[in-house]
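Numbering (our numbering), first residue to last: 4 to 536.
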């Protein structure tokens, strides 16, 4: 008979036989069997013996997010028929003995139940996700993963990823062979220490001298670096000895998808030294997509307030803390007109709902996680998923969307569609120059003897070169305060000092600014030239 029939009484083989539990499983089965898009649900006919394809499904569920396997239901296309199993007690015992025997490379945990449907017995087995991935039967070639509603043989790359997950939370805590403290980028370390002193002034690490500071945070150990310390603060050339293609990708794409974009991207993040510097560069670009209010703290530090900004910061830090840096894939942020997508290599240690519900703290990279937490850029417990969700809902009433695979995670945040992409260099420059005109037009007009719109047009024609968003911001600050320091520019616009220095060099090469006087006591000057008629 075609499903759904009237369901009979459910009999449990575990010790959870309550009316409430019966109804829960009964209702779940009804819902699942009417939905063919199953990632964690599979049916087999299995009249009198266990089909060999069951072992592929067991491997696939154990290697991904787990799932239910039901025996005694036949599927033909979109049609399901209750066939039942013969001698259910023996069939169940054979199945469980196989999962605990030598066929698989590790013991597989299960939960099981039996359901009476019109005098036919259906067996259900829940295959738990395994902590001993990869799970395979007979040989490693028989390693399967779950993709959509079917089982697929795992590739070598996917199997390697599972082996890395066996050491979840330990890989980046290991010592980097042949490394030394000289492999660290001193500017990054100093900026991190300054950031800690300002935003977590009471923490004990502030009082330590440099060597002890690095040892206490496990950046270094017995004179060598940990992988976490190297990735967070290392020089790029040192990182690339162990991670040859180290990078964090950030792309601004002028469309709502790749297919409707006029070009592949209008902005792509340059290479930077390490994770610490990538954080500031990524955050500087991301925060342009949300509205913020600026205020001063009681200590006089600038503070940007917005639940949207909090959500984006947490999403960025979460990505950097939990990436699988040994994977051939890279962390990637794609900024579309109507959404932001965070892609991260590496699966989660537990199902998403469990991590959200219990606030479980199981970081893939404990040292990197601690380093972000010590400067209050991350939560002290858990994955911060609830903080991302609650702040984004508060910001624009849209639910963050998570897509979880066994070897990667994707977070999608919907934003208000901007239409024309203001991040395109020329357009973004022009927008900001217009803002300057409103704020500083009179001062600059008097100085150059021209009205602002004419100066703006001359500026674009005269230089015939792109001004990046950061160059625009730096020029804005110099116009307000010519004596401003590199440190203060870095703090104000949220990029590292080396990035400020690079942008200042570019502005000098373009003959837009010049330095007057010494490094201390001097000032910046925007070069004043009369526009040619």
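The C-beta atom is built at its ideal place from N, Cα and C for all residues, glycine as well. None of these values were measured; they are calculated from a predicted model.
- Message: Counting C-beta neighbours from all protein chains within 10 Å, is the total for residue 518 16 or more, i.e. buried, or is it exposed?
- Response: Taking the chain shown and counting its residues from 1, one reaches residue 518 at position 515. So residue 518 counts as exposed.
- Item | contact_flag[the stretch 473-486, the stretch 502-522] where n(CB pairs < 8 Å) is 3 or more | Touching, yes.
- DSSP three-state call for residue 197: helix, strand or coil? Position 194 of the chain shown, counting from 1, holds the residue named residue 197. The answer is helix: DSSP assigns residue 197 an H, G or I state.
- Cβ separation of residue 338 and residue 256, assumed to be a contact under 8 Å, to the nearest whole Å: For the purposes of this step, residue 338 is taken as the residue at position 335 of the chain shown. For the purposes of this step, residue 256 is taken as the residue at position 253 of the chain shown. With 8 Å as the limit, residue 338 and residue 256 qualify as a contact, their Cβ atoms being about 7 Å apart.
- Message: Spatial neighbours of residue 246 within its chain, please: C-beta separation below 7 Å, excluding the five flanking residues on both sides.
- Response: In the chain shown, counting from the first residue as 1, residue 246 sits at position 243. 328, listed in sequence order.
- Item | Sheet register partners of residue 77 (DSSP bridge) | Position 74 of the chain shown, counted from the start, is the residue given in the question as residue 77. DSSP, once it has assigned bridges, lists 84 as partnering residue 77.
- Would you kindly report the start and end of the unbroken alpha helix (DSSP H) that includes residue 246? Numbered from its first residue, the chain shown carries residue 246 at position 243. For residue 246, there is no enclosing alpha helix (DSSP H), as DSSP gives it neither H nor E.
- Query: Secondary structure at residue 428, three-state DSSP: helix, strand or coil?
  - Reply: Position 425 of the chain shown holds residue 428. Because residue 428 carries a pLDDT of 38, less than 50, the predicted location of this residue cannot be relied on, and no value is offered for it.
- Message: Determine, for residue 322, whether the minimum Cβ-Cβ distance to residues of chain B falls below 7 Å.
- Response: Here chain B cannot be found, since the structure has a single protein chain.
- Task: Specify, as a first and last residue, the run of the alpha helix (DSSP H) that residue 310 falls within.
- Result: Start at 1 with the first residue of the chain shown, and residue 310 comes out as number 307. It spans 310-325 - the alpha helix (DSSP H) in which residue 310 sits, taken as one unbroken run.
- Message: For residue 490, count the other beta carbons within 10 Å of its own beta carbon; 16 or more makes it buried, fewer makes it exposed. Which is it?
- Response: Taking the first residue of the chain shown as 1, we reach residue 490 at position 487. Label assigned to residue 490: exposed.
- Item | Outcome for residue 522 when other beta-carbon atoms lying within 10 angstroms are tallied against a minimum of 16 | Position 519 of the chain shown, counting from 1, holds the residue named residue 522. Exposed.
- Query: Per the contact definition of three or more C-beta pairs closer than 8 Å, is the stretch 85-92 in contact with the stretch 119-135?
  - Reply: Because the criterion of three Cβ pairs below 8 Å is met, the stretch 119-135 and the stretch 85-92 touch.
- Message: Give me the residue from 234, 184, 319, 230 with the minimum Cα distance to residue 216.
- Response: Against the chain shown, residue 216 aligns to sequence position 213. Of 234, 184, 319, 230, the residue nearest in Cα terms is 184.
- Tell whether a beta-carbon distance below 7 Å holds between residue 345 and residue 381. Start at 1 with the first residue of the chain shown, and residue 345 comes out as number 342. Start at 1 with the first residue of the chain shown, and residue 381 comes out as number 378. No.
- What residue from 48, 116, 115, 100 has the CA that sits closest to residue 84's CA? As a working note, residue 84 is residue 81 in the chain shown. Of 48, 116, 115, 100, the residue nearest in Cα terms is 48.
- Query: Quick one: is residue 527 buried, meaning 16 or more other Cβ sit within 10 Å of its Cβ, or exposed?
  - Reply: Locating residue 527 in the chain shown gives position 524, where the first residue counts as 1. Under this definition residue 527 is a buried residue.
- Query: Excluding the five sequence neighbours on either side, which residues of its own chain have a C-beta within less than 8 Å of the C-beta of residue 139, listed in chain order?
  - Reply: On the chain shown, position 136 is the one that residue 139 refers to. The residues are 62, 107, 108, 145, 146, 147.
- DSSP state of residue 210 mapped onto helix, strand, coil: Along the chain shown, read from residue 1 onward, the residue named residue 210 stands at position 207. Here residue 210 sits in helix by DSSP.
- Task: Report back the beta-carbon spacing between residue 530 and residue 481 to the nearest angstrom; my notes put them in contact at under 8 Å.
- Result: As a first step, residue 530 is located in the chain shown; it is residue number 527 there, counting from the start. As a first step, residue 481 is located in the chain shown; it is residue number 478 there, counting from the start. Incorrect: roughly 11 Å between the Cβ atoms, too far for contact.
- Item | Nearest-angstrom Cα separation, counted from residue 187 out to residue 239 | Within the chain shown, numbered from 1, the residue matching residue 239 stands at position 236. Within the chain shown, numbered from 1, the residue matching residue 187 stands at position 184. Approximately 9 Å, taken between the alpha carbons.
- Closest Cα partner of residue 51 within the set 419, 192, 179, 96: Stepping through the chain shown from its first residue, residue 51 is reached at position 48. Its Cα nearest to that of residue 51, the residue 96 stands out among 419, 192, 179, 96.
- Item | Selection from 73, 419, 285, 134 that minimises the alpha carbon distance to residue 350 | In the chain shown, the residue the question calls residue 350 occupies position 347. With distances taken between Cα atoms, residue 350 lies closest to 134.
- Message: Could you tell me the alpha carbon to alpha carbon distance between residue 399 and residue 311, rounded to whole angstroms?
- Response: Translated into the one-based positions of the chain shown, residue 399 becomes position 396. Translated into the one-based positions of the chain shown, residue 311 becomes position 308. The straight-line gap from Cα to Cα measures roughly 8 Å.
- Task: Could you tell me which residues DSSP pairs with residue 47 in its beta bridges?
- Result: Your numbering for residue 47 matches position 44 in the chain shown. For residue 47, which the question treats as bridged, DSSP gives the partners 74.
- Candidates 367, 127, 499, 195: which alpha carbon is nearest residue 323's? Position 320 of the chain shown, counting from 1, holds the residue named residue 323. Nearest C-alpha to residue 323: 367.
- Message: Classify residue 199: buried if its beta carbon has 16 or more other beta carbons within 10 angstroms, exposed otherwise.
- Response: Translated into positions along the chain shown, residue 199 becomes position 196. The residue in question, residue 199, is buried, as its Cβ has 16 or more Cβ neighbours within 10 Å.
- Query: From residue 416 to residue 498, what does the alpha carbon distance come to, in whole angstroms?
  - Reply: Walking along the chain shown from the start, residue 416 turns up at place 413. Walking along the chain shown from the start, residue 498 turns up at place 495. Rounded to the nearest angstrom, the two C-alpha atoms are 23 Å apart.
- Task: Compute the Euclidean distance between the alpha carbons of residue 487 and residue 495, then round it to the nearest angstrom.
- Result: In the chain shown, counting from the first residue as 1, residue 487 sits at position 484. In the chain shown, counting from the first residue as 1, residue 495 sits at position 492. Rounded to whole angstroms, residue 487 to residue 495 spans 11 Å at the Cα level.
- Spell out the partners DSSP gives residue 252 in its beta bridges. For the purposes of this step, residue 252 is identified with residue 249 of the chain shown, where counting begins at 1. DSSP, once it has assigned bridges, lists 335 as partnering residue 252.
- Measure the C-alpha to C-alpha separation of residue 293 and residue 413 and round it to an integer number of angstroms. Taking the chain shown and counting its residues from 1, the one referred to as residue 293 is at position 290. Taking the chain shown and counting its residues from 1, the one referred to as residue 413 is at position 410. About 20 Å.
- Which of the three DSSP states, helix, strand or coil, is assigned to residue 369? Within the chain shown, the letter at position 366 stands for residue 369. The answer is helix: DSSP assigns residue 369 an H, G or I state.
- Query: Going by Cα to Cα distance, which pick from 334, 44, 410, 152 is closest to residue 160?
  - Reply: Numbered from its first residue, the chain shown carries residue 160 at position 157. The shortest C-alpha separation from residue 160 is found at 410.
- Query: Are residue 272 and residue 253 closer than 7 Å when you measure CB to CB?
  - Reply: Locating residue 272 in the chain shown gives position 269, where the first residue counts as 1. Locating residue 253 in the chain shown gives position 250, where the first residue counts as 1. Going by C-beta atoms, residue 272 is nearer than 7 Å to residue 253.
- Could you spell out the range, first to last residue, of the beta strand (DSSP E) harbouring residue 348? In the chain shown, the residue the question calls residue 348 occupies position 345. Per DSSP, residue 348 belongs to the beta strand (DSSP E) from 342-348.
- Message: As a quick exercise: from 524, 478, 485, pick the residue whose alpha carbon is nearest that of residue 510.
- Response: Your numbering for residue 510 matches position 507 in the chain shown. Of the listed residues, the one whose Cα sits closest to residue 510 is 478.
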